[in-house]
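Peer 1: Have a look at the structure that comes next, please.
In the working numbering, the protein residues as written are 4 to 141.
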């Protein structure tokens, strides 16, 4: 499931969805908020252009919304149902968790979104290398 070649590998390891060798985000620390959305323009491994088209990342908002709802409901159920906290306390805990995890969800949403559209190609790195060699020979 988390082996190279799967979508989860790309998402959890911050890798290019096509070759899974190049890095997607420039900064590993999710909580460096000034550079939260700093991604490379192209994959250094296979040359995939990360900004597929203008407005491509708008779809990641919906993924982020789904992640936020899932996390909020899970935290609320755990705190209210299992731990027995009052309604107000459960909502405050859920809100706090949501605020703390927002940068993580934003990054994950973009990785999940691009993985919907780009599939793994084990030969992409070799093909890109041959393409670059062919261009430099001309």
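Yeah, the Cβ is synthetic: ideal placement off N, Cα and C, and Gly gets one too.
Quickly, what does DSSP pair residue 18 with across the bridge? List them, please.
Peer 2: Partner(s): 26.
Peer 1: Where does residue 32 land, buried or exposed, given buried means 16+ other C-beta within 10 angstroms?
Peer 2: Residue 32 is exposed by the Cβ-count criterion.
Peer 1: At the level of alpha carbons, what is the spacing between residue 99 and residue 71?
Peer 2: If you take the alpha carbons of residue 99 and residue 71, they lie about 12 Å apart.
Peer 1: With a CB to CB cut of under 6 Å and the five nearest residues on each side skipped, what residues in its chain are close to residue 117?
Peer 2: These residues qualify, in order along the chain: 20.
Peer 1: In terms of alpha-carbon separation, which member of 105, 37, 48, 59 lies closest to residue 130?
Peer 2: Checking every option, the nearest Cα to that of residue 130 belongs to 48.
Peer 1: Can you tell me which residues form a DSSP beta bridge with residue 52?
Peer 2: Answer is 45.
Peer 1: What's the C-alpha gap between residue 1 and residue 114?
Peer 2: Residue 1 lies beyond the stretch modelled for the chain, which goes from 4 to 141, so this question has no answer here.
Peer 1: Taking its Cβ as the centre, do 16 or more other Cβ atoms sit within 10 Å of residue 112, making it buried, or is it exposed?
Peer 2: Buried, since its Cβ has 16 or more Cβ neighbours within 10 Å.
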